[in-house]
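To start, the structure itself, in structure tokens.
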Amino acid sequence: MTCPAVGTSVVGRGRRPRDAGLWAPTTLVLAAALGPGGCILESEAGLASNDPQKRFEAISAAAARGDRSAVPGLVRRLDSDDPAERLLAINALERITGERLGYDHAAPKAERSKAVERWARWASGDGGDAR
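Right, dumping it as structure tokens:
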């Protein structure tokens with residue numbers, strides 16, 4: 054089915070993909086974020102929304118589009134109190150940039166903060182390699 058909001062194909066509801074056992078956990082989170090309509094809602098303000106569902110949708114949509122303009126907002130989501138949101142954000146950043154910069158969504162706050170600083174430098178263009 055084609056999602057009119059983004060013009061991308063999505064798996065139809067009720068169909069099991071041939072390689073379902075290979076789906077990553079983030080794919081399952083994405084499927085939950087799609088909801089019953091099967092489309093990702095796009096919004097520039099989505100990454101800053103107070104609604105976790107809208108943030109998850111915006112993160113997933115940015116990753117699917119390879120949207121480099123979303124990188125600063127995704128970097129801010131790395132500091133979320135929600136570990137699932139942090140995981141989605143780092144996976145989106147890796148998909149968009151090919152980098153992780155040592156970030157671990159499950160690491161202690163102090164360790165994550167150092168990695169978020171590296172990401173902030175990288176995103177601003179001042180970090181060079183930033184590793």
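54 is the number of the first residue of the sequence shown in the numbering used here; add one for each residue after it.
Think of the CB as a built atom: it goes at the ideal place given N, C-alpha and C, for glycine as much as any other residue.
Contact check for Ala142 against Arg130 passes: the beta carbons are separated by less than 7 angstroms.
Taking 4 residues as the minimum length, the alpha helix (DSSP H) runs contained wholly in the region 97–167 are 105–118, 124–130, 136–150, in order along the chain.
Put simply, the backbone Cα of Ala111 is about 9 angstroms away from that of Ala101.
Apart from sequence neighbours up to five positions away, the residues of its chain that approach Arg148 with a beta-carbon distance below 6 angstroms are Ala116, ordered along the chain.
For the 7 angstroms CB-CB criterion, Leu146 and Arg171 do not form a contact. With at least 16 other beta carbons inside 10 angstroms of its own, Glu138 counts as buried.
Under a 10 Å Cβ-count criterion, Gly151 is classified as exposed, with fewer than 16 other Cβ atoms of the shown protein chains found around its own Cβ. The distance from the Cβ of Ala176 to that of Pro136 is about 21 angstroms, inconsistent with a contact at the 8 angstroms cut-off. The beta carbons of Gly119 and Lys107 sit no closer together than 7 angstroms.
Sorting Ala123, Asp134, Glu164 by C-alpha distance to the C-alpha of Pro105 places Asp134 at the top. At the C-beta level, Ala173 and Val128 come within 7 angstroms of one another. Looking at the backbone, the Cα of Ala163 and that of Asn144 are separated by about 20 angstroms.
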